[in-house]
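Here's the structure we're looking at; comments come further down.
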Amino acid sequence: ELKVEQNPLFLSMQEGKNYTIYCNYSTTSDRLYWYRQDPGKSLESLFVLLSNGAVKQEGRLMASLDTKARLSTLHITAAVHDLSATYFCAVDIRRDDKIIFGKGTRLHILP
Amino acid sequence: GAGVSQSPRYKVAKRGQDVALRCDPISGHVSLFWYQQALGQGPEFLTYFQNEAQLDKSGLPSDRFFAERPEGSVSTLKIQRTQQEDSAVYLCASSLDISSEQYFGPGTRLTVT
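So the protein sequences, as listed, match chains G and D.
The opening position of the first sequence corresponds to residue 1053 in the numbering used here, with each subsequent residue numbered one higher.
The opening position of the second sequence corresponds to residue 18 in the numbering used here, with each subsequent residue numbered one higher.
Printed below as a string of structure tokens:
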């Protein structure tokens, strides 16, 4: 059974600081997703990572994937308050038809 | 273009009532997924359709949950005899096909009192 674990589950940080959210998964995966969710809102797709060594960047967020280690990271550079949200990683297996989500990381950036 | 829409956005039901939640996928999207998101948790898979065929319903928590997509577009998730533990946000997602990225709707927040 595929399991997805994120850590930390809660992160409070100062503006301007850098930090990394980790996502570990238990079996071979075809692709990994990072989503953002604001309170009371739906999921916004941030990144789709398809292959080992994939790195994608958008603004202050950068995601990477190491399929051998079954690990993805979401790195935040020089955090700003607008990045406060819950971030989910999710993994799917092509032979299956569902996406398995981690529990999410609640990110609170203090001004 | 229009994204995935869901209705109602909020639903309050008394325990024991039946509810029906609607999902309108992106036009032309073959695959449709339902997820349940409890407070403070990640979404959990409920069921999946490819066109009108329900190919996986392994995530439905009990036989009180039923989903259909009779014409391969709009889908309805029905919950019979609602219980308090059914309180959650129900998210619908659609994708062009099974191998494509899923796009999520705004969700329906169900509160059972």
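For glycine and all other residues, C-beta sits at the position ideal for the given N, C-alpha and C.
Using DSSP bridges, identify the partner residues of D:T125. Within the DSSP bridge table, the entry for D:T125 names D:Y107 as partners.
Under 8 Å between beta-carbons, which chain G residues line up against D:E118? List them in chain order, please. Close partners of D:E118 in chain G (Cβ separation under 8 Å): Y1085, S1097 and V1100.
What does G:F1140 touch in chain B if you count any residue whose Cβ is under 8 Å from its own? Judged by its chain identifiers, the structure shown contains no chain B, and its protein chains are G and D.
Nearest-angstrom Cα separation, counted from D:D35 out to D:K95: Cα-Cα distance, rounded: 7 Å.
Go through its chain and collect everything with a Cβ distance to D:A30's Cβ below 6 Å, but skip five positions before and after it. Contacts found: V36, T99 and V129.
Taking only three categories from DSSP, how would you classify D:D114? D:D114: coil per DSSP, three-state reduction.
Whole angstroms is fine: what's the gap from G:L1102's alpha carbon to D:H46's? In this structure, the CA atom of G:L1102 is about 21 Å from the CA atom of D:H46.
Check the DSSP bridge columns for D:D73 and list the partner residues they point to. Answer is D:Y65.
Based on DSSP bridge pairs, tell me the residues matched to D:S48. Per DSSP, the beta bridge partners of D:S48 are D:Q67 and D:S112.
For D:E88, the three-state DSSP class (helix, strand or coil): Secondary structure at D:E88: coil, using DSSP grouped into helix, strand and coil.
Candidates D:Q101, D:P60 and D:F82, of which the one nearest D:T93 by Cα: Considering only alpha carbons, the answer is D:F82.
Assign G:E1057 to one of three DSSP states: helix, strand, or coil. Three-state result, G:E1057: strand.
Can you tell me the Cβ-Cβ gap for G:R1112 and G:L1135, rounded? I've got them flagged as a contact below 8 Å. Between G:R1112 and G:L1135 a beta carbon distance of about 7 Å is seen, short of the 8 Å cut, so the two are scored as contacting.
Range covered by the beta strand (DSSP E) that runs through G:L1143: Per the sequence shown, the amino acid found at residue 1143 of chain G is Val instead of Leu. Counting along the chain, G:V1143 sits inside the beta strand (DSSP E) bounded by residues A1137 to D1144.
Just how far apart, CA to CA, sit G:E1110 and D:G33? One C-alpha to the other measures close to 46 Å.
Among G:S1124, G:N1076 and G:S1064, which one has its Cα closest to the Cα of G:H1133? Comparing Cα-Cα distances from G:H1133 to each of G:S1124, G:N1076 and G:S1064, the minimum goes to G:S1064.
G:K1069 bridges to which residues according to DSSP? In the DSSP secondary-structure assignment, G:K1069 is not bridged to any residue.
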